[in-house]
Ligand SMILES: Nc1ncnc2c1ncn2[C@@H]1O[C@H](COP(=O)(O)OP(=O)(O)OP(=O)(O)O)[C@@H](O)[C@H]1O
Ligand SMILES: [Mg+2]
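Residue numbers (my numbering), protein chains in the order written: chain A, 551 to 905; chain B, 228 to 495.
So this is what it looks like as structure tokens:
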């Protein structure tokens with residue numbers, strides 16, 4: 551996000567390897583934290599906070615998918631299924647065993663990671679399109695199993711009501727209360743992902759993506775490392791599923807179907823593959839897009855169609871825009887929004903001297 | 228150099244009747260050889276002789292169909308490449324295989340992968356053991372960067388470098404794992420005279436100052452005869468000659484393999 555600048559030299563390797571080596575970046579981060587943790591909750595009403603909550607949840611899921619697809623180069627169309635594993639694991643633990651969020655969150659992540667490892671096993675032998683199909687199959691199998699196993703899905707309409715998370719004896723029921731809860735989890739997931747990527751494990755992910763043969767020769771156990779990537783990615787998906795379940799107050803597989811997997815692929819492609827910032831921008835963009843479309847449609851669309859038809863139109867419109875954007879980004883800017891942001895920043899850094 | 232250097236050392240790598248077929252092609256057939264501790268061992272031979280296949284089997288990329296490969300007393304014939312790397316063998320490729328999108332620094336840090344331990348949880352938390360390990364290994368990598376005169380390029384993506392520099396970075400990545408046996412597949416191929424001389428210097432320095440045993444493939448006879456302690460000559464998958472550079476130079480079979488006739492005097 552805020553990177554190195556000439557004229558500023560790090561005197562130790564530790565400083566050189568810091569996430570944000572520039573002093574100005576530290577101020578910017580502090581400002582963003584103050585904005586979101588102090589200013590925003592004070593000025594925004596429930597509706598806007600609920601949108602930020604949705605974005606925070608999406609960021610966690612997008613980070614997870616980007617670790618697998620963007621950093622390790624392994625395609626997955628089953629991300630939403632791993633979310634559902636996390637969601638139902640947490641919902642069952644919370645309702646049947648009364649477990650608190652600080653146990654349901656890691657447990658949901660761990661169960662999703664376990665299933666993710668199983669799904670990742672074929673990645674040793676199959677690549678690209680074939681791996682995509684295998685993960686697609688996993689999406690449908692997991693969906694089917696959850697839907698047809700009452701002990702997992704709770705029976706009625708395959709959904710389980712989730713008790714609100716409790717913090718220091720207080721139940722977090724409304725969006726404003728959930729806001730801090732979800733934001734803190736998101737920040738932990740974000741910092742963790744940045745740490746992972748800049749250390750030994752993250753480098754081995756990228757090595758496999760860039761040059762699998764060379765990776766193996768320099769001593770990276772490719773199979774084990776791919777499974778680690780699947781595990782970490784699914785863990786993030788699982789945690790994202792648990793967050794969403796607390797957010798909605800219900801675990802329901804309908805929220806974790808193929809279309810959601812595609813939404814998340816769109817986030818990382820449009821945001822930027824192999825980029826933390828890209829995951830964030832993609833999550834913001836894809837989460838906000840239907841909201842903005844609805845707003846525009848409700849304002850101008852009612853001139854042409856009635857309200858019932860409008861809901862249909864919005865849903866279709868969203869798909870068309872998604873599809874179009876994915877194609878545009880794949881062709882024109884494969885590095886996504888993150889690259890566009892970088893270009894803009896570079897432009898202004900040298901402004902008004904553009905050469 | 229003379230034939231005394233390294234000739235008294237213990238055996239580092241031992242090939243025993245190694246053979247490899249690709250479909251109908253017998254790429255390597257019944258090759259035996261010993262690489263001694265601390266020496267520079269060169270493999271030469273015409274195109275398609277099976278030289279790269281020997282290195283590929285030594286680094287675990289392929290496994291021999293017959294015979295055995297022994298490194299420091301351990302049979303590695305059927306060992307995984309990643310395991311072989313952790314045993315202390317590293318290599319460069321005939322066609323450069325760098326991580327092109329990563330910087331020189333990151334490529335070299337990846338070279339130290341086998342020496343590092345940080346797992347997922349420690350990496351996630353970073354501050355503490357993971358950071359300590361990163362700094363520690365960064366210091367060693369910087370020494371290699373200095374040694375190879377790559378200081379100004381450490382933050383440049385490897386793919387953006389000129390060919391000769393990429394070869395040097397690949398040597399750096401191989402050195403980063405502090406190997407006890409270094410395999411170099413045509414490290415000077417495609418270089419101009421000046422780059423070649425630099426590369427020869429680095430290879431000799433690594434061998435003499437760090438004591439690293441080196442097995443290399445090279446087509447430039449002048450270089451091979453200059454720097455090798457022993458030379459193995461291959462043709463059509465077979466070992467046709469072996470000895471000190473002087474011994475090999477005068478071997479009629481070598482002259483025949485290179486020139487298709489025994490009428491000529493010398494190879495080099
Ligand atoms: N993976 C493979 N599949 C099929 N044939 C192969 C394979 N690798 C090598 N060969 C064949 O084995 C023979 C020896 O190849 P190798 O690459 O070892 O030769 P080389 O001595 O390194 O040649 P050069 O000097 O051209 O690099 C050649 O005939 C080559 O075509
Ligand atoms: Mg070769």
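Note that the Cβ used here is the ideal one computed from N, Cα and C, for glycine as well.
CB contact check: residue i to chain B, cutoff 7 Å
| i | result |
| --- | --- |
| residue 746 of chain A | yes |
| residue 567 of chain A | yes |
| residue 893 of chain A | no |
| residue 620 of chain A | no |
| residue 760 of chain A | yes |
| residue 551 of chain A | Here the model assigns residue 551 of chain A a pLDDT of 44, short of 50, so the residue's position is not dependable, and the following value carries that caveat. Not one chain B Cβ lies under 7 Å of residue 551 of chain A. |
| residue 771 of chain A | yes |
| residue 889 of chain A | no |
| residue 563 of chain A | yes |
| residue 626 of chain A | no |
| residue 788 of chain A | no |
Where residue i falls: helix, strand or coil (DSSP)
| i | result |
| --- | --- |
| residue 723 of chain A | coil |
| residue 230 of chain B | Legend: pLDDT at residue 230 of chain B = 42, less than 50; position of this residue unreliable, value from coordinates given subsequently. Three-state DSSP puts residue 230 of chain B in coil, outside helix and strand. |
| residue 409 of chain B | strand |
| residue 478 of chain B | coil |
| residue 470 of chain B | strand |
| residue 327 of chain B | coil |
| residue 381 of chain B | coil |
| residue 850 of chain A | helix |
| residue 301 of chain B | strand |
| residue 240 of chain B | strand |
| residue 294 of chain B | strand |
| residue 271 of chain B | strand |
| residue 675 of chain A | coil |
| residue 322 of chain B | coil |
| residue 288 of chain B | coil |
| residue 465 of chain B | strand |
| residue 416 of chain B | coil |
| residue 494 of chain B | For residue 494 of chain B, the pLDDT reaches just 47, beneath the cut-off of 50, and the residue's location in the model is therefore unreliable, although a value from the coordinates is still provided. Residue 494 of chain B falls in the coil class under three-state DSSP. |
Where residue i falls, given that 16 or more other Cβ within 10 Å makes a residue buried
| i | result |
| --- | --- |
| residue 434 of chain B | buried |
| residue 462 of chain B | buried |
| residue 283 of chain B | buried |
| residue 676 of chain A | exposed |
| residue 341 of chain B | buried |
| residue 428 of chain B | exposed |
| residue 698 of chain A | exposed |
| residue 584 of chain A | exposed |
| residue 774 of chain A | exposed |
Chain A contact for residue i (CB, 7 Å cutoff)
| i | result |
| --- | --- |
| residue 361 of chain B | yes |
| residue 308 of chain B | yes |
| residue 286 of chain B | yes |
| residue 353 of chain B | yes |
| residue 411 of chain B | no |
| residue 345 of chain B | yes |
| residue 529 of chain B | No answer is possible for residue 529 of chain B: the residues shown for chain B start at 228 and end at 495. |
| residue 313 of chain B | yes |
| residue 290 of chain B | no |
Enclosing beta strand (DSSP E) for residue i [first to last residue]
| i | result |
| --- | --- |
| residue 801 of chain A | 800–802 |
| residue 253 of chain B | 252–263 |
| residue 585 of chain A | Counting along the chain, residue 585 of chain A falls outside any beta strand (DSSP E), and DSSP gives it neither H nor E. |
| residue 449 of chain B | Here residue 449 of chain B belongs to no beta strand (DSSP E); instead the alpha helix (DSSP H) covers 448–454. |
| residue 457 of chain B | 457–462 |
| residue 440 of chain B | 440–444 |
| residue 276 of chain B | Taken as a continuous stretch (DSSP letters only), residue 276 of chain B belongs to no beta strand (DSSP E), as it is neither H nor E. |
| residue 339 of chain B | Unbroken run through residue 339 of chain B: none, as it is neither H nor E. |
| residue 711 of chain A | 709–711 |
Limits of the unbroken alpha helix (DSSP H) element including residue i
| i | result |
| --- | --- |
| residue 352 of chain B | 347–352 |
| residue 632 of chain A | 629–646 |
| residue 504 of chain B | What is shown of chain B runs 228 to 495, which leaves residue 504 of chain B out entirely. |
| residue 811 of chain A | 808–821 |
| residue 607 of chain A | 596–616 |
| residue 359 of chain B | 356–374 |
| residue 767 of chain A | 762–767 |
| residue 426 of chain B | 420–436 |
| residue 654 of chain A | 651–670 |
| residue 566 of chain A | 563–566 |
| residue 312 of chain B | 308–314 |
| residue 702 of chain A | 700–703 |
Below 6 Å from a heavy atom of ligand 1 - residues by beta-carbon: B/249, B/252, B/254, B/272, B/274, B/275, B/276, B/277, B/278, B/279, B/280, B/321
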